[in-house]
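S.K.: Take the sequence shown: its position 249, counted from the start at 1, is 249 in UniProt numbering, and no numbers get skipped. Using N, Cα and C, we set each Cβ at its ideal position, and we do this for glycine too. Values in this document were obtained by computation on a predicted structure and should not be read as measured data. Below is the structure I would like to discuss, written out as structure tokens.
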Amino acid sequence: MIKLMVFIDGTWLYSNLRHLAKESNQPGFYIDYGLFPIALKNELEKKGALPQLDLVRTFLFGSYPVNYDVMDEDRAQRRKDFFSMLREDYHYEVEAFPIDYQRRRILHDDRSCEDSFTPKEKCVDIALATSILYHAAIADSFDIALAVVGDKDYFPLLQKTREVGKRVAVASIRQSCAKMYSDRSDEKRLKDYHIIWLNDMIDQITLKQQEALLECKSPLHAGEQGVLSTVRLKVGQPFYCDDCRAQFAEQKAEQMREYTSAGLESHQEEGRWEESYEPDETEYEGKIENLKPDRGFGFIKRQDGSSYFFHLSHLQNAEWAALEAGQGARFTVMKEPHGDKAGSVGRVWLVESDE
């Protein structure tokens with residue numbers, strides 16, 4: 001069976017989803033990343049008149065923010081949760097790299113109009129190119145590489161991949177695709193099949209979202225607790241509505257500035273960010289202490305004595321009302337303590353007692 005690997009420039013894809021969304025005429029357009037590589041495989045089989053392909057791996061290359069304004073913690077966490085979903089639910093191979101925001105807001109529209117700062121992404125294109133060439137050099141790794149790209153910078157990569165005897169396919173978006181990829185005469189010898197347009201696959205790759213009535217678990221919630229939402233929750237994960245999440249963002253930012261190292265000025269040279277700002281995916285163990293039930297936050301003491309701030313929205317498998325001081329917890333770290341200021345967590349899981 002012919003082996004296929006899919007390589008996705010995630011940053012390029014995110015930046016151009018608006019074109020697919022406009023053509024879909026659907027509010028809240030999202031790609032179904034579970035179906036996406038399968039739909040690409042099926043389309044390539046049709047375009048190339050190929051027998052059934054063996055889709056052996058899907059790779060996605062992207063970035064995530066670090067050293068951002070604390071108001072954007074939820075936005076930054078959602079990006080990391082997206083990468084986790086790709087790995088855990090759909091078995092993608094994900095390579096993600098940090099972008100230093102130098103304590104600014106993540107979205108351009110949230111920054112001052114006088115701020116000329118432009119975040120600099122690094123490594124994504126090099127990582128994609130390295131991955132394709134690495135697997136091309138391994139016998140029987142793949143027969144066809146399908147690159148989901150649009151930037152012209154990849155054309156030397158695609159040429160060299162073909163020169164070592166591998167076949168190449170390209171999938172792109174019409175409004176953001178270098179002309180050389182769509183050139184039917186293929187003067188630069190980049191590909192072995194006519195280009196696949198994602199614009200023509202909208203029906204096959206659109207996430208079909210279904211609304212469900214969910215109970216908002218926020219103590220700040222006003223009105224009926226039941227809210228219609230399309231959000232996907234993991235087992236045990238509490239649901240918070242959009243209004244409550246917006247309140248959390250303001251509340252959490254104020255509390256983090258007061259109690260944690262996130263409120264300290266950044267000690268950095270221009271153009272460089274401290275390693276302490278890079279989120280840590282290691283899971284640590286500790287105990288909950290110093291809860292503030294009426295204010296929706298508390299602290300976790302790690303086994304080495306370090307203290308970390310957490311907000312009720314950090315909880316992944318428990319409701320706020322269920323917490324008590326002294327309970328065990330697992331957590332990831334967003335920022336380490338500094339001086340007399342606590343660190344801050346990324347996510348928190350309550351650990352059930354063995355007693």
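How far does the beta strand (DSSP E) with lysine 3 in it extend, from its first residue to its last?
M.R.: Locating residue 3 in the sequence shown gives position 3, counting from the first residue. Its beta strand (DSSP E) spans residues 3–9.
S.K.: What is the C-beta distance between leucine 315 and valine 351, in whole angstroms, given that I count them as a contact (C-beta under 8 Å)?
M.R.: The sequence position of residue 315 within the sequence shown is 315, counting from 1. The sequence position of residue 351 within the sequence shown is 351, counting from 1. About 12 Å separates the two Cβ atoms, so there is no contact after all.
S.K.: Measure from the alpha carbon of glycine 286 to the alpha carbon of each residue in Lys292, Asp100 and Asp304, then state which is nearest.
M.R.: The count along the sequence shown starts at 1 and reaches residue 286 at position 286. Checked all of Lys292, Asp100 and Asp304; the closest Cα to glycine 286 is Asp304.
S.K.: In the structure shown, what three-state DSSP assignment does arginine 184 receive?
M.R.: Translated into the one-based positions of the sequence shown, residue 184 becomes position 184. Of the three classes helix, strand and coil, the one that applies to arginine 184 here is coil, per DSSP.
S.K.: Considering only DSSP beta bridges, list what proline 98 is partnered with.
M.R.: Counting from 1 along the sequence shown, the entry for residue 98 is found at position 98. DSSP output for proline 98 lists Tyr64 as bridge partner(s).
S.K.: Does the beta-carbon of glutamine 175 have 16 or more other beta-carbons within 10 angstroms, so that it is buried, or is it exposed?
M.R.: Translated into positions along the sequence shown, residue 175 becomes position 175. The residue in question, glutamine 175, is exposed, as its Cβ has fewer than 16 Cβ neighbours within 10 Å.
S.K.: Restricting to Cα atoms, I'd like to know which of Phe331, Pro156, Gly165 and Lys301 is closest to phenylalanine 142.
M.R.: As a first step, residue 142 must be located in the sequence shown, where it is residue number 142. For the residues Phe331, Pro156, Gly165 and Lys301, the minimum Cα distance to phenylalanine 142 belongs to Gly165.
S.K.: In the DSSP assignment, find the alpha helix (DSSP H) that holds threonine 332 and state where it starts and stops.
M.R.: Residue 332 sits at position 332 when you count from the first residue of the sequence shown. Threonine 332 -> not in any alpha helix (DSSP H); beta strand (DSSP E) instead, spanning 328–335.
S.K.: Just to confirm, are isoleucine 205 and isoleucine 31 a CB contact at a threshold of 7 Å?
M.R.: As a working note, residue 205 is residue 205 in the sequence shown. As a working note, residue 31 is residue 31 in the sequence shown. Yes; because the gap between Cβ atoms is below 7 Å, this pair is in contact.
S.K.: Let me check understanding here. Comparing Cα to Cα, which of Lys41, Glu224 and Phe59 lies closest to residue 369?
M.R.: The chain is shown only over 1 to 355; residue 369 falls outside these bounds and no answer can be derived.
S.K.: When the distance is taken between beta carbons, is lysine 152 closer than 7 Å to alanine 178?
M.R.: Within the sequence shown, residue 178 is the residue found at index 178, counting from 1. Within the sequence shown, residue 152 is the residue found at index 152, counting from 1. Against a cut-off of 7 Å, the Cβ pair of lysine 152 and alanine 178 comes out as a contact.
S.K.: What's the call for glutamate 269, buried or exposed, on a 16-neighbour Cβ count within 10 Å?
M.R.: Your numbering for residue 269 matches position 269 in the sequence shown. Unreliable positioning characterises glutamate 269 in this predicted model, as indicated by a pLDDT of 41, which lies under 50. The coordinate reading is nonetheless provided below. Its Cβ having fewer than 16 others within 10 Å, glutamate 269 is exposed.
S.K.: Quick check: the stretch 70–88 against the stretch 316–330, are there 3 or more CB pairs under 8 Å?
M.R.: No, the stretch 70–88 does not touch the stretch 316–330.
S.K.: Please classify phenylalanine 331: is it buried, with 16 or more other beta-carbons within 10 angstroms of its beta-carbon, or exposed?
M.R.: For the purposes of this step, residue 331 is taken as the residue at position 331 of the sequence shown. The residue is buried, with at least 16 neighbouring Cβ atoms inside 10 Å.
S.K.: Does the distance from the CB of proline 65 to the CB of isoleucine 8 come in under 7 Å?
M.R.: By one-based count along the sequence shown, residue 65 stands at place 65. By one-based count along the sequence shown, residue 8 stands at place 8. No, they are not a contact pair.
S.K.: Grab the span of the alpha helix (DSSP H) containing glutamate 163 for me, first residue to last.
M.R.: Position 163 of the sequence shown, counted from the start, is the residue given in the question as residue 163. Element bounds for glutamate 163: 155–163.
S.K.: Going by C-alpha distance, which of Glu258, Arg257, Ala129 and Ile173 is nearest tyrosine 154?
M.R.: Numbered from 1 along the sequence shown, position 154 holds the residue referred to as residue 154. The residue with the shortest Cα to Cα distance from tyrosine 154 is Ala129.
S.K.: Tell me the DSSP secondary structure of threonine 130 in three-state form.
M.R.: Against the sequence shown, residue 130 aligns to sequence position 130. Here threonine 130 sits in helix by DSSP.
S.K.: Going by DSSP, name the residue or residues bridged to glycine 343.
M.R.: In the sequence shown, counting from the first residue as 1, residue 343 sits at position 343. According to DSSP, glycine 343 bridges with Tyr308.
S.K.: Below 8 Å, how does it come out for the stretch 309–323 and the stretch 237–244: are there three or more Cβ pairs, yes or no?
M.R.: At 8 Å Cβ cutoff, the stretches touch.
S.K.: Using the three-state DSSP reduction, which class does glutamate 258 fall into: helix, strand or coil?
M.R.: Taking the first residue of the sequence shown as 1, we reach residue 258 at position 258. Glutamate 258 falls in the helix class under three-state DSSP.
S.K.: What are the boundary residues of the beta strand (DSSP E) that includes arginine 104?
M.R.: Translated into positions along the sequence shown, residue 104 becomes position 104. Neither: arginine 104 is in no beta strand (DSSP E) and is coded neither H nor E.
S.K.: Applying the 10 Å Cβ sphere with the 16-neighbour rule, what's the burial state of lysine 335?
M.R.: Numbered from 1 along the sequence shown, position 335 holds the residue referred to as residue 335. Lysine 335 is buried by the Cβ-count criterion.
S.K.: Excluding the 5 residues flanking glutamate 211 on each side, which residues of the same chain have their C-beta closer than 6 Å to its C-beta?
M.R.: One-based indexing of the sequence shown puts residue 211 at position 211. Hits under 6 Å: Leu228 and Thr230.
S.K.: Report the rounded CA-to-CA distance for arginine 184 versus aspartate 192, giving the unit in angstroms.
M.R.: Indexing the sequence shown from 1 puts residue 184 at position 184. Indexing the sequence shown from 1 puts residue 192 at position 192. Those two C-alpha atoms are separated by around 11 Å.
S.K.: Using DSSP's beta-bridge definition, name the partner residues of isoleucine 31.
M.R.: Along the sequence shown, read from residue 1 onward, the residue named residue 31 stands at position 31. Answer is Thr206.
S.K.: Taking alanine 322 as part of the alpha helix (DSSP H), name the residues at either end of that continuous run.
M.R.: Residue 322 sits at position 322 when you count from the first residue of the sequence shown. Looking at the DSSP string, alanine 322 is not in any alpha helix (DSSP H), and its letter there is neither H nor E.
S.K.: DSSP on isoleucine 288, reduced to helix/strand/coil?
M.R.: For the purposes of this step, residue 288 is taken as the residue at position 288 of the sequence shown. Strand at isoleucine 288.
S.K.: Using beta-carbon positions only, say whether serine 344 and methionine 201 come within less than 7 Å of one another.
M.R.: Start at 1 with the first residue of the sequence shown, and residue 344 comes out as number 344. Start at 1 with the first residue of the sequence shown, and residue 201 comes out as number 201. Contact: no.
S.K.: Based on Cα-Cα distance, which residue from Ser63, His135 and Leu146 lies nearest to proline 119?
M.R.: Within the sequence shown, numbered from 1, the residue matching residue 119 stands at position 119. Of the listed residues, the one whose Cα sits closest to proline 119 is Ser63.
S.K.: My guess is that histidine 194 and lysine 47 are in contact by the Cβ rule of under 8 Å, so how many angstroms apart are they, rounded?
M.R.: Along the sequence shown, one-based indexing puts residue 194 at 194. Along the sequence shown, one-based indexing puts residue 47 at 47. With a Cβ gap of about 6 Å, histidine 194 and lysine 47 count as contacting.
S.K.: Are alanine 127 and glutamate 95 close, meaning C-beta to C-beta below 7 Å?
M.R.: As a position in the sequence shown, residue 127 is number 127, starting the count at 1. As a position in the sequence shown, residue 95 is number 95, starting the count at 1. In contact: alanine 127 and glutamate 95 (Cβ atoms closer than 7 Å).
S.K.: Quick one: residues in its chain with C-beta nearer than 6 Å to the C-beta of cysteine 241, no 5 flanking neighbours on either side, listed in chain order?
M.R.: What you label residue 241 is simply residue 241 of the sequence shown in a count that begins at 1. The answer, listed in chain order, is Cys216 and Val227.
S.K.: Helix, strand or coil: how does DSSP classify leucine 53 here?
M.R.: If you number the sequence shown from 1, residue 53 lands on position 53. Three-state DSSP puts leucine 53 in coil, outside helix and strand.
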